[in-house]
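Q:
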Amino acid sequence: MVKWLPPPQGWLKINVDAGLSIAKKRAVSDFIIRNDKGFIMGSGFQGHILVHSVVITEALAVLHGLQFALDLSFSNVILGSDSRLVVNNIQKSSKHYSESRPFTWDTKNLARKFQCCRFQFIVREENEAVHVMAVKGM
1 MVKWLPPPQG WLKINVDAGL SIAKKRAVSD FIIRNDKGFI MGSGFQGHIL
51 VHSVVITEAL AVLHGLQFAL DLSFSNVILG SDSRLVVNNI QKSSKHYSES
101 RPFTWDTKNL ARKFQCCRFQ FIVREENEAV HVMAVKGM
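Following UniProt numbering, the numbering of the sequence shown begins with 1 at its first residue and continues without gaps.
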């Protein structure tokens with residue numbers, strides 16, 4: 001069984017997730033920020049209308065989690081997402097032409113405002129708390 005892994009000492013970990021229901025015409029994105037001891041330092045949840053792509057919804061979750069961390073003046077963050085596509089697009093140095101490109105561009109610009117910001121793909125089991133938030137929000 002995989003469980004949440006803490007960041008290094010002095011860092012914060014932002015876990016993000018998203019959910020999409022075409023039938024309900026609803027999308028949600030959420031995040032939880034924890035310190036190296038596992039204490040929750042912040043969280044957020046947002047519903048979206050007129051969003052019809054889980055990739056865009058996940059990219060919005062990344063953007064909102066980073067913005068929240070920046071607003072709270074956090075400086076060293078690791079952002080984990082279970083969307084390999086979104087993480088890969090953020091980590092690419094070359095341009096990509098996916099539907100999430102505008103949000104990826106904004107994320108890269110926002111990441112530069114931190115002392116250090118890393119992005120990593122994580123398996124859904126490590127992302128369980130925010131996954132449950134997304135499912136409940138649907």
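Ideal Cβ positions, reconstructed from N, Cα and C, are used throughout, including at glycine.
Please read all numbers here as calculations on a predicted model, not as lab measurements.
Use the C-beta contact count for I33: other C-beta atoms within 10 angstroms, 16 or more gives buried, fewer gives exposed.
A: buried
Q: Looking at the strands, I want to know which residues DSSP matches up with S68.
A: The residue asked about is misnamed: residue 68 is Phe in this sequence, not Ser. According to DSSP, F68 bridges with nothing at all.
Q: So if DSSP puts L12 in a beta bridge, which residue, or which two residues, is it bridged to?
A: Beta-bridge partners assigned by DSSP to L12: N35 and V77.
Q: Under a Cβ-count criterion, where at least 16 other Cβ atoms within 10 Å of its own Cβ denotes burial, should G19 be classed as buried or exposed?
A: buried
Q: So V55 and S100 are supposed to be a Cβ contact under 8 Å. How far apart are they, rounded?
A: Rounded to whole angstroms, the Cβ separation of V55 and S100 is 5 Å, and the two are in contact under 8 Å.
Q: Have a look at L5, A111, Q67 and R124 and flag the residue whose alpha-carbon is nearest the alpha-carbon of F39.
A: L5
Q: With the cut-off set at 7 Å, would you say N76 and Q120 are in Cβ contact?
A: no
Q: By the 10 Å Cβ neighbour count, where 16 or more other Cβ atoms means buried, how is K24 classified, buried or exposed?
A: exposed
Q: I need the straight-line Cα distance from D82 to G10, nearest angstrom please.
A: 23 Å
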